[in-house]
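Since the structure comes first, as structure tokens, the remarks are kept for the end.
Numbering (the numbering used here), first residue to last: 163 to 429.
Here it is as structure tokens:
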């Protein structure tokens, strides 16, 4: 091989190397776009904030690039073929929104298989006759003693849905109390500061009023936020971008976080 041929070969090899290096991380396989299904059917009390969430959640996903959101009020969308395209489902519902036993079974299997479930506010006011749903979401609505500006405490500042929030904050909300709920099965992220309300209006003997929690369910992840009664909640930047968005991303599996060992219930 002549010196000229050697030089030409070296030049070509160098050019190829430069091209490969220029590809960098872009040459890696791109992650598929995340998809979220917002289920907002109401069979009982209808919150006016429903329409706000239906408008703002898809916008949030598009603006941040975090997910593509489909909105439905049709329980017939709960089929194996349809659900498999979504990384998580988001319930903002009331009462018997999944009347078909097969749809109910599918929801539970879907989450247990490794998908995400997000519920907000009135999602706990749903499917009372389906114990597996109550077990998955963490409890059921049992009244709303307070509808006012309250102080809320961040109990775990390490979770994606709380790490951008202040240790405590004031916010106007209709605060629920829950039945069939316990810290033994739910990891509490935010709770009510009892000193900010007339606590005698509540009926829990332990006076433990959790507002936001998460849990693992099978191979899946459940994130519940009790915020969302008032329209302003879903227009509030802190609530949407610093709380709800990272909570959804954790439930989808995009933000990694290790679940601590369960804490015992308050005495």
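Glycine residues also receive a C-beta, built at the ideal position from the N, C-alpha and C atoms.
Hey, how far is the Cα of residue i from the Cα of residue j?
{"i": "residue 255", "j": "residue 209", "result": "9 Å"}
{"i": "residue 230", "j": "residue 224", "result": "6 Å"}
{"i": "residue 392", "j": "residue 248", "result": "28 Å"}
{"i": "residue 352", "j": "residue 226", "result": "24 Å"}
{"i": "residue 262", "j": "residue 290", "result": "14 Å"}
{"i": "residue 198", "j": "residue 331", "result": "29 Å"}
{"i": "residue 252", "j": "residue 360", "result": "32 Å"}
{"i": "residue 184", "j": "residue 222", "result": "Residue placement at residue 184 is poorly supported in this model, since its pLDDT is 41, which falls under 50; the coordinates still yield a value, given next. Each residue's alpha carbon lies about 33 Å from the other."}
From this set, the options, which residue's C-alpha is nearest residue i's C-alpha?
{"i": "residue 233", "options": "227, 220 and 224", "result": "220"}
{"i": "residue 235", "options": "204, 297, 263 and 214", "result": "204"}
{"i": "residue 258", "options": "251, 307 and 266", "result": "266"}
{"i": "residue 295", "options": "416, 250, 384 and 398", "result": "384"}
{"i": "residue 347", "options": "416, 270 and 377", "result": "377"}
{"i": "residue 274", "options": "287, 299, 286 and 260", "result": "299"}
{"i": "residue 281", "options": "272, 418, 423 and 413", "result": "413"}
{"i": "residue 415", "options": "268, 308, 279 and 212", "result": "279"}
Less than 8 Å between C-beta atoms, sequence neighbours within five positions excluded: which residues of the same chain meet that for residue i?
{"i": "residue 304", "result": "338, 339, 340, 341 and 365"}
Taking its Cβ as the centre, do 16 or more other Cβ atoms sit within 10 Å of residue i, making it buried, or is it exposed?
{"i": "residue 411", "result": "buried"}
{"i": "residue 195", "result": "exposed"}
{"i": "residue 189", "result": "Residue confidence is low: residue 189 scores 36 on pLDDT, short of 50, so the model does not pin down where it sits. No coordinate-derived value is stated."}
{"i": "residue 264", "result": "exposed"}
{"i": "residue 284", "result": "buried"}
{"i": "residue 510", "result": "This structure cannot speak to residue 510, because the chain is shown only from 163 to 429."}
{"i": "residue 372", "result": "buried"}
Residues in the same chain with beta-carbon distance under 6 Å from residue i, minus the five sequence neighbours each way, listed in chain order, please.
{"i": "residue 420", "result": "none"}
{"i": "residue 350", "result": "317, 372 and 375"}
Quick one: is the Cβ of residue i within less than 7 Å of any heavy atom of the ligand COA?
{"i": "residue 255", "result": "As for the ligand COA, it is missing from this structure, which has no ligand bound."}
Note down, in chain order, each residue of its chain lying with its Cβ closer than 7 Å to the Cβ of residue i, except the 5 sequence neighbours on either side.
{"i": "residue 313", "result": "330, 332, 355 and 358"}
Between the stretch 236-251 and the stretch 397-406, do three or more beta carbon pairs fall short of 8 Å? no
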